[in-house]
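**Q** Please see the structure below; I have some questions.
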Amino acid sequence: MATATAGYSVKEEVASSISHGLGIVFGIVALVLMLTTALNNNASGLAITSYSIYGASIIVLYLASTLYHSIPFEKAKRALKTFDHCAIFLLIAGTYTPFMLVSLGTTLALWVMGIIWALALIGIIGKVAFVYRFKTMSLVTYLAMGWLSLVVIYQLYLSLETGGLVLLALGGLVYSLGVIFYVKRTIPFNHAIWHLFVLGGTVLHFFAVYLYVVKG
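All letters in the sequence shown, in the order written, are residues 1050 to 1265 by this note's numbering.
Right under this line is the structure:
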């Protein structure tokens, strides 16, 4: 049962829990769809592994967020807050994985993926050590990791159809616009609204992966 926390009312926490609870369901469906389609298409082991990592990262992110906003016990919430913030790094790196390994597979793409996963690991270690500090730096890091994809944008343009590139860009834009609500705590239900932007970005990126990488 959700309780008021960190300046948010019980209703706001319930809204945050429900919004990302939907994300868990979406993540499970997304993972099953990707793996079923990949297996039916006799995809390579590398591709199946990439889709598994990506799908799992979606589920982990939304599970962590839902638990954090719904569990009322303060000690548990502290640990779950760390889990929640670490999961953001995992989702960003997980989203890169099928694009870099399956769609591209170039030297540059592998370097970008290596950098992204290294940043994710550093970010996770930092969150575990300093979960309540450096919030602005963490937010900037999340955004920078997401837009690092511009380094391989031309390769993605050549590899993906226009629709895939549009979905990828729109997903990044929706994620970024959601930050406005994340930082504007004076807006009622700002955190739950931000959650909807996160969910929207995830859905757009999933369709980019599913339609233009898995089925592509």
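Glycine included, every Cβ here is placed at the ideal spot set by N, Cα and C.
Specify the secondary structure class of Val1237 as computed by DSSP and reduced to three states.
**A** Your numbering for residue 1237 matches position 188 in the sequence shown. Here the sequence assigns Pro to residue 1237, which means Val is not the residue at that position. Pro1237: coil per DSSP, three-state reduction.
**Q** Specify the secondary structure class of Thr1251 as computed by DSSP and reduced to three states.
**A** Reading the sequence shown from its first residue, position 202 is the one you call residue 1251. If DSSP states are grouped into helix, strand and coil, Thr1251 belongs with the helices.
**Q** What would DSSP say about Leu1209, mapped onto helix, strand or coil?
**A** Stepping through the sequence shown from its first residue, residue 1209 is reached at position 160. DSSP places Leu1209 in coil when its eight states are reduced to three.
**Q** Could you spell out the range, first to last residue, of the alpha helix (DSSP H) harbouring Ala1142?
**A** Along the sequence shown, one-based indexing puts residue 1142 at 93. Where Ala1142 is concerned, the enclosing alpha helix (DSSP H) stretches over 1123 to 1147.
**Q** How many angstroms separate the CA atom of Leu1260 from the CA atom of Thr1086?
**A** For the purposes of this step, residue 1260 is taken as the residue at position 211 of the sequence shown. For the purposes of this step, residue 1086 is taken as the residue at position 37 of the sequence shown. In a straight line, the C-alpha of Leu1260 is about 10 angstroms away from that of Thr1086.
**Q** Less than 6 angstroms between C-beta atoms, sequence neighbours within five positions excluded: which residues of the same chain meet that for Ile1242?
**A** What you label residue 1242 is simply residue 193 of the sequence shown in a count that begins at 1. Once the five neighbours on either side are set aside, the close Cβ partners of Ile1242 are Phe1230.
**Q** For Val1228 and Leu1188, which I take to be in contact (beta-carbon distance under 8 angstroms), what is that distance rounded to the nearest angstrom?
**A** What you label residue 1228 is simply residue 179 of the sequence shown in a count that begins at 1. What you label residue 1188 is simply residue 139 of the sequence shown in a count that begins at 1. Yes, Val1228 and Leu1188 are in contact; Cβ-Cβ is about 7 angstroms, under 8 angstroms.
**Q** May I have the straight-line CA-CA distance separating Ala1193 from Asn1091, to the nearest angstrom?
**A** To locate residue 1193, count along the sequence shown from 1; it is residue 144. To locate residue 1091, count along the sequence shown from 1; it is residue 42. Those two C-alpha atoms are separated by around 35 angstroms.
**Q** If contact is defined by three or more beta carbon pairs under 8 angstroms, each pair taking one atom from either stretch, is the stretch 1058 to 1077 in contact with the stretch 1108 to 1124?
**A** Short answer: they touch.
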